[in-house]
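Asks:
Residue numbers (the numbering used here): 145 to 558.
1. Ordered along the chain, which non-local residues of its own chain (more than five positions away) have a Cβ less than 6 Å from that of residue 508?
2. Beta carbon of residue 423, beta carbon of residue 475: below 9 Å?
3. Comparing C-alpha positions only, which one of 276, 310 and 277 sits nearest to residue 470?
4. Taking the alpha-carbon positions, what's the residue 468 to residue 418 distance?
5. With DSSP collapsed to three states, give me the class of residue 483.
6. At what residues does the alpha helix (DSSP H) containing residue 215 begin and finish?
7. Consult DSSP for residue 200 and reduce its assignment to one of helix, strand or coil.
8. Give the DSSP-derived three-state secondary structure of residue 401 in the structure shown.
9. With a 10 Å radius around its C-beta and 16 neighbouring C-beta atoms as the bar for buried, classify residue 479 as buried or exposed.
10. Only counting the same chain, and skipping five residues up and downstream in sequence, which positions put a Cβ closer than 7 Å to that of residue 405?
11. Skipping 5 residues on each side, what residues in its chain have a beta carbon closer than 6 Å to that of residue 334?
12. Could you pull out every residue in the same chain whose Cβ sits closer than 6 Å to the Cβ of residue 175, ignoring the five residues on either side in sequence?
13. Using the Cα positions of residue 316 and residue 272, report the straight-line distance between them to the nearest angstrom.
14. Using 8 Å for Cβ pairs, my map puts residue 196 next to residue 269. What's the rounded Cβ distance?
15. Sort 267, 307 and 332 by Cα distance to residue 246 and report the nearest one.
16. Pull up the distance between the alpha-carbon of residue 322 and that of residue 256, whole angstroms please.
17. Would the beta-carbon of residue 189 fall within 9 Å of that of residue 213?
18. For residue 370, count neighbouring Cβ atoms within 10 angstroms of its own Cβ and tell me buried if that reaches 16, exposed if not.
Structure, rendered in C-alpha cells:
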C-alpha cells in the first residue's frame, strides 16, 4: 500500500484555490470504493457461471448467453464512458456519480428476482452503463481534487486498490456462490450504501464552476487523446489476457485443483498490485520510457507462458506480466488525462475508460479467434505477447509519446 505524503503548500494551491474545500482521506477512500464497482461487476460472478448455466439449461443458446452475462457490462462501459464523460463535463460529476451508484445497485441486484436469462442480460446492460459513469466520475474527481505528485500517487493507488479488490471479489463470489447462484448479486447493494457518504462528503469543485458552464462549448480532445486511447485499447487487451486465460492455461498443463489455480491467480494479482504501488516512485521517468518497458515485459511474460508446459515457468511468466500491467494502467491513464483542463477532463477520462474496457471486451474474443487459427491457447498467447512487443517498438520509434515526467503538468491545467 502506498503511503500518503502531505502535499506541499505550492501543490495544495495548485490543486485547490485557497477558498475551496480541501480533499483528504475521506474523499479518497470513497472515490477508491467507487472505482472498485466495475471490478465487482467483472469478477464477482465468474465462480457461479456454471450454476447459472445449470439453472437455465433449458434455455436455447444458454452456452453462449451465460458467458455474455459476465462480459456485456464491459462492452457498454466502452460504449457509454465517453458519453458519461460529456455529461460530467457539462453538468455535475458528483450528482452523476451518486445517481449511477444507486442505479448500479438496483440493476446489479435485479437478478435476485428475475427469472429469465434475457431479463438478466438486460439488467447487465444497465449495470455496464452505470459502471461507465461511475469509473469516469471517480477518476475525474481524483484528478479534480488533487494535482501534481499527489494526483500521480492516487491514480496509481486506484489501480492498486482495484487489483486487490478483484482478487477479493473473486474469492468472495466463490464463497457466496455456495449459497446459490443468486447470492453473489446481493453484493451490488453495497453501491447504494456507499452513495450515502458520497452525497455528504464529495462536492463539485467550486473553483471550476465557470469552466463547467463552458464545458459544452469546449471541443472534444480528440487530438490530445487519439494516440493514448489507441494504445490503451492494446493495453487493455494485454492487461486482461491472463486475467481471463490463466486458469485455462493451468488446466491445460494438468493443474485442475481450484486452490492451486486460485493461489497462482492471487500471486499474479499481488505482482500487479506491487507494480501499481511502484508507479508513483518511477513516474518521473516519463510515459515513453515506462510504456516501452511495460509492453516489453508484458510481452516477454506472455511468451514465457506460451513456450512451456512447466508450471514454475508459467507462474514466473504470470508474475512478470502481472507486474508489468500493474505499472501499465496508471501510466496510460496519467498520460491520457493529466494535462487536460477541467472543462475537458470528464470527456477525456471517459474516452480513456471506454478504450480500456473496449480492450477488456476484445481480449477473450481475440484470444479465442487466435486459438482457432493457431490450434491452441498457448500459441494464441504467444501472438498476444508478440503484439505487446510490437507496441513497445511502436512507442519507441513511431508514436508520439512524451518523454517528460508524468508528474509535470502546467498549473493552469491542474
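The beta carbon of each residue, even a glycine, is placed where N, CA and C say it ideally should be.
Replies: In brief:
1. Counting only Cβ-Cβ distances below 6 Å, and skipping sequence neighbours, we find 388.
2. A distance below 9 Å separates the beta carbons of residue 423 and residue 475.
3. The shortest C-alpha separation from residue 470 is found at 310.
4. Roughly 9 Å between the two C-alpha positions.
5. Of the three classes helix, strand and coil, the one that applies to residue 483 here is coil, per DSSP.
6. DSSP places residue 215 inside the alpha helix (DSSP H), whose first and last residues are 206 to 234.
7. Per DSSP, reduced to three states, the secondary structure at residue 200 is coil, with no helix or strand assignment.
8. Coil at residue 401, not helix or strand.
9. That one is buried.
10. Answer for residue 405: 391, 394 and 399, listed in chain order.
11. So the list is empty, once near-sequence residues are dropped.
12. Closer than 6 Å at Cβ, skipping near neighbours: 282, 285 and 286.
13. One alpha carbon belongs to residue 316, the other to residue 272, and they sit about 21 Å apart.
14. Actually they are not in contact, since the Cβ atoms of residue 196 and residue 269 sit about 17 Å apart, beyond 8 Å.
15. From the listed residues 267, 307 and 332, the smallest Cα separation to residue 246 is found for 332.
16. Using only the alpha carbons, I get a separation of about 15 Å.
17. Contact check for residue 189 against residue 213 passes: the beta carbons are separated by less than 9 Å.
18. Counting the other Cβ atoms within 10 Å of the Cβ of residue 370 gives fewer than 16, which makes it exposed.
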